[in-house]
């Protein structure tokens, strides 16, 4: 595998300098749609090109001004595979019934991804087989190192940048993310991908522990607007948890029993929850609140991740939360999941 990675890396200079454009040749079993579409996502779907499908075969030709992540789709919306578009010859082979197994090879970044994906798959297989906590912890550390190596070895190409983007917040603090961004070559730091990550991280730093909360407002189930400021400044409250969730989010729903227990235990001691739902359908939001018996403050503008609250607090995934001290409006902790919230409240409000 090391030889595979070294060989793929040695091709980067050759592939990066290609001026002949790209040729994508696909052979996908079960692909009986008349056309397949090449897409990019930059906040919205953009169709780069389309190709006619003949018995599962298709060909795209063009020229990439710079490497980027692209997707293939049969309906201009839902992709069945993604890969790196860069000049050179790219092959896409597999079956529509098994999209995870579709192989994309032929250009440096795609070959490097394939090599690392094989190592990741081996780790995931080991993890699934073992029930030993010590072994699983060791595999998690091995996975973390693999991701770190993938970035370190590829800071000058699209694979390294994309791997960093996909894993930055899983392994690094906002401060560490900023430090890592600075290690990429200047031309990559100026690209949209790292520029957007830098801006998002700066927003995260503004709402990290030790910083003042940012006021937001949204409507409750009755249509009345409720601001976070009105809850924080309520004299009955000592600590307010700003909680971002949605009824369709499994991990969010798994947090509810912990929130209910903590609200029951510490509510009378000055603990309040201001929950912002990322639901887009009112009925699902209201039904979830009622069925789960969530008695704390609930608001939503029913715009999903597009809500201004998500931008203000740089929320890119849920569940996400921020614990605010009412006496001075400072954020004292973030991302308190499971029992961690109760432990923190016990420390602050006493058992």
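Residue numbers (the working numbering): 115 to 465.
Glycine is no exception: its CB is placed at the ideal position from the N, C-alpha and C atoms.
Computed from a predicted structure; not experimentally measured.
Which value, in whole angstroms, describes the spacing of the CA atoms of residue i and residue j?
| i | j | result |
| --- | --- | --- |
| residue 334 | residue 344 | 13 Å |
| residue 352 | residue 326 | 15 Å |
| residue 235 | residue 154 | 26 Å |
| residue 360 | residue 135 | 44 Å |
| residue 455 | residue 376 | 8 Å |
| residue 337 | residue 178 | 49 Å |
| residue 164 | residue 172 | 9 Å |
| residue 318 | residue 432 | 14 Å |
| residue 423 | residue 305 | 26 Å |
| residue 379 | residue 246 | 34 Å |
| residue 395 | residue 203 | 44 Å |
| residue 293 | residue 145 | 44 Å |
| residue 373 | residue 462 | 16 Å |
| residue 261 | residue 147 | 36 Å |
| residue 274 | residue 441 | 44 Å |
| residue 256 | residue 166 | 43 Å |
| residue 265 | residue 323 | 28 Å |
| residue 233 | residue 298 | 24 Å |
| residue 151 | residue 186 | 6 Å |
| residue 269 | residue 139 | 28 Å |
| residue 447 | residue 409 | 23 Å |
| residue 174 | residue 439 | 56 Å |
| residue 225 | residue 391 | 41 Å |
| residue 169 | residue 184 | 23 Å |
| residue 123 | residue 222 | Residue placement at residue 123 is flagged as unreliable, the pLDDT there being 44, under the threshold of 50; a coordinate-derived value is accordingly withheld. |
| residue 307 | residue 413 | 32 Å |
| residue 161 | residue 212 | 24 Å |
| residue 287 | residue 243 | 31 Å |
| residue 387 | residue 354 | 5 Å |
| residue 188 | residue 195 | 11 Å |
| residue 436 | residue 208 | 44 Å |
| residue 219 | residue 309 | 28 Å |
| residue 130 | residue 180 | Residue placement at residue 130 is flagged as unreliable, the pLDDT there being 43, under the threshold of 50; the coordinate-derived value follows with that caveat. Roughly 9 Å between the two C-alpha positions. |
| residue 254 | residue 239 | 12 Å |
| residue 200 | residue 137 | 9 Å |
| residue 295 | residue 314 | 12 Å |
| residue 365 | residue 278 | 23 Å |
| residue 459 | residue 383 | 10 Å |
Could you tell me which residues DSSP puts in a beta bridge with residue i?
| i | result |
| --- | --- |
| residue 447 | 437 |
| residue 196 | 185 |
| residue 412 | 389 |
| residue 138 | 174, 204 |
| residue 335 | None, per the DSSP bridge assignment. |
| residue 355 | 387, 437 |
| residue 143 | 209 |
Quick check on the DSSP output: the alpha helix (DSSP H) that includes residue i runs from which residue to which?
| i | result |
| --- | --- |
| residue 241 | 222 to 243 |
| residue 383 | Neither: residue 383 is in no alpha helix (DSSP H) and is coded neither H nor E. |
| residue 403 | 396 to 406 |
| residue 264 | 247 to 266 |
| residue 454 | 453 to 463 |
Where does the unbroken beta strand (DSSP E) through residue i begin, and where does it stop?
| i | result |
| --- | --- |
| residue 163 | 159 to 166 |
| residue 218 | 217 to 219 |
| residue 214 | Premise fails: residue 214 is in no beta strand (DSSP E) and is neither H nor E. |
Using DSSP with H/G/I as helix, E/B as strand and the rest coil, what is residue i?
| i | result |
| --- | --- |
| residue 148 | coil |
| residue 343 | helix |
| residue 272 | helix |
| residue 429 | coil |
| residue 376 | helix |
| residue 476 | Because the chain in this structure spans residues 115 to 465, residue 476 falls outside the shown range and cannot be described. |
| residue 368 | helix |
| residue 154 | strand |
| residue 424 | helix |
| residue 323 | coil |
| residue 350 | coil |
| residue 179 | coil |
| residue 190 | coil |
| residue 115 | Any reading at residue 115 needs caution, since the residue's pLDDT is 43, under 50, leaving its predicted position unreliable; the model's value is listed next. Looking at residue 115 - three-state DSSP - the assignment turns out to be coil, as it is neither helix nor strand. |
| residue 318 | helix |
| residue 124 | Bear in mind that a pLDDT of 43 at residue 124, under 50, signals an unreliable position, so the model cannot answer this. |
Under 9 Å between C-beta atoms, does residue i make it to chain B?
| i | result |
| --- | --- |
| residue 216 | The chain labelled as chain B is not found in the depicted structure, where only one protein chain is given. |
Alpha helix (DSSP H) runs contained entirely in the region 281 to 312, provided each spans 4 or more residues
Taking only runs of at least 4 residues, the alpha helix (DSSP H) segments lying wholly in the region 281 to 312 are 288 to 295, 300 to 303.
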